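One line per chain: the protein sequences are A and B, in this order. So the first sequence is numbered by numbering that gives the first Met the number 0: it starts at 0 and just counts up by one. So the second sequence is numbered by numbering that gives the first Met the number 0: it starts at 0 and just counts up by one.
There are 2 protein chains.
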Amino acid sequence: MAKAMTLLWGAGSPPCWRVMIALEEKNLQGYNQKLLSFDKMEHKSKEVLDINPRGQLPTFKHGNTIVNDSYAVCFYLESQFKSQGNKLIPDSQEEQALMYQRMFEGLTFYDKLNAVIYYDWFVPEGERHESALNRNKEALTTELKLWEGYLQKLGSGSHVAGPSFTLADVVIFPTVAYLFRFGLSAKRYPKLGEYYNLLKDRPSVKASWPPHWLENPEGQDTLKDI
Amino acid sequence: MAKAMTLLWGAGSPPCWRVMIALEEKNLQGYNQKLLSFDKMEHKSKEVLDINPRGQLPTFKHGNTIVNDSYAVCFYLESQFKSQGNKLIPDSQEEQALMYQRMFEGLTFYDKLNAVIYYDWFVPEGERHESALNRNKEALTTELKLWEGYLQKLGSGSHVAGPSFTLADVVIFPTVAYLFRFGLSAKRYPKLGEYYNLLKDRPSVKASWPPHWLENPEGQDTLKDI
């Protein structure tokens, strides 16, 4: 089945990473894939735009079925391959509720991270304000404390939405990995650090680890004071 | 079952409206509900914060299960009440894929709407730029054209992700209704206008219509030139 799938992706993109983790978890190795360069603007190439009018990565095709948004791909794969690979939506009402809740809070988490590390990229030079960036940093700090509290409450060795690895981990782990790649202090955020360590060697995560991080294991220190 | 549910909501909130439509679609009328005032900052009250640390509306509880994010509530209700009321996730692979895709694009759509109509609310006075607001307006225009194209392709009388009413309609219709409430021209965006008319009298939509719109049927003209 994986042979009928094609993923166009870009290195350094948490949304692409989500899809790659989901594909691994569902035992869909062997899909066609092509690494495109954001720097060379290949995400705006005809090849992408033909499948994805937004010109974004990931861009994903399964046979003639196109699904591009990373969350949409995750839901789609879990639904189409329910009994293949790891089950990513738990059965119990409580776990399911928490999984959905955390997944969508994960979008806010990701936005708040981007609003700090990519502030200069998102905001044109003449429109930048120190006050805005400081507010974004405060919002990220508040967000990080919230997730520390969530993980603290679930207890040691827990996944992000309970005892099992779920879609919530698929979508949130890349955000957490980016936090530490950009210098977040695991001393200041020990629960997030523990969560990062719990998952960084999971086969699906390892198999999809950003290639440029392997080449250059040193990250940045943008978030060291957060 | 609805008796075990409590929804805290605010008027003028598309996310709250999504949840209310989903509850109606799943025949969960009779849930406990409380209308809170954003103006009086009641979304930051202890009553909300005890259930929802983000202090946002909707805030939703089913027995002891808490789910607050509007998309999460929609997925949760459909999953827990699959065979009750209307089925909101189609069976066919193609329809399902398109539903997931449009649902998540719906978040971008909603963000782009907010970035125009609530620009002054989101951006403090000293940080506002005409150039930024103009860019947001252009981005909304591009977004609107994309959705016009999507609806055009699906053909007349179609829902937002195909022939059936699905979760994609539950989450996207409130955005479309807000567009027209804020003065979008149905002449310029005829497919969105047609879609609005298709759903505005649907029982679930009518039963949850924003009460302040009924009291004051006149909207604003913020988007008249978009």
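Note that beta-carbon positions come from the ideal geometry of N, C-alpha and C, so glycine has one too. None of these values were measured; they are calculated from a predicted model.
Query: Under the three-state reduction of DSSP, which class applies to Lys111 of chain B: helix, strand or coil?; Result: helix
Query: What are the residues of the segment 146-161 of chain B that lie near chain A, defined by any Cβ-Cβ distance shorter than 7 Å?; Result: none
Query: Using C-beta distances below 6 Å, list every residue in its chain close to Pro209 of chain A, excluding the 5 sequence neighbours before and after it, in chain order.; Result: Ala10
Query: For Gly218 of chain A, which option in A:Leu178, A:Tyr109, A:Ser130, A:Ala131 has the closest C-alpha, if you only look at C-alpha atoms?; Result: A:Leu178
Query: Curious, which full-length beta strand (DSSP E) runs of at least 3 residues does the segment 57-137 of chain A contain?; Result: 58-61, 64-66
Query: Which residues in chain A have a C-beta closer than 7 Å to the C-beta of Asp68 of chain B? List them in chain order.; Result: Gln100, Phe103, Glu104
Query: So does the segment 183-203 of chain B actually touch the segment 121-130 of chain B, counting three or more Cβ pairs closer than 8 Å?; Result: no
Query: Using DSSP with H/G/I as helix, E/B as strand and the rest coil, what is Asn51 of chain B?; Result: coil
Query: Between which two residues does the beta strand (DSSP E) holding Asn196 of chain B run?; Result: From DSSP, Asn196 of chain B is part of no beta strand (DSSP E) but of the alpha helix (DSSP H) over 189-198.
Query: Quick one: measure Cβ to Cβ for Ala7 of chain B and Thr58 of chain B, integer angstroms, because I've assumed they're closer than 8 Å.; Result: Reading the sequence as shown, one finds Leu at residue 7 of chain B and not Ala. Indeed, because the Cβ distance is near 4 Å, the residues count as touching under 8 Å.
Query: Can you tell me where the beta strand (DSSP E) with Lys205 of chain A in it begins and where it stops?; Result: Per DSSP, Lys205 of chain A belongs to no beta strand (DSSP E); it is in the alpha helix (DSSP H), 202-206.
Query: Check the C-beta distance from Phe181 of chain A over to Trp146 of chain A and give it rounded, since I have them as a contact under 8 Å.; Result: With a Cβ gap of about 16 Å, Phe181 of chain A and Trp146 of chain A do not count as contacting.
Query: Verify whether the separation of the beta carbon atoms of Thr64 of chain A and Glu104 of chain B is less than 8 Å.; Result: no
Query: Would you call the segment 164-178 of chain A and the segment 198-206 of chain A in contact, with 3 or more CB pairs under 8 Å?; Result: yes
Query: Quick one: is Pro13 of chain B near chain A, going by C-beta distance under 8 Å?; Result: no
Query: Tyr30 of chain B touches chain A at which residues, Cβ-Cβ below 7 Å?; Result: Neighbours of Tyr30 of chain B on chain A: none; closest Cβ ~16 Å, over 7 Å.
Query: Just tell me which of B:Lys190, B:Thr174, B:Ser155 has its CA closest to the CA of Lys144 of chain B.; Result: B:Lys190
Query: Let me see if you follow: with CB-CB separation under 8 Å, is Ala131 of chain A close to chain B or not?; Result: yes
Query: Do you know offhand how far Ala21 of chain B's Cα is from Ala71 of chain A's?; Result: 19 Å
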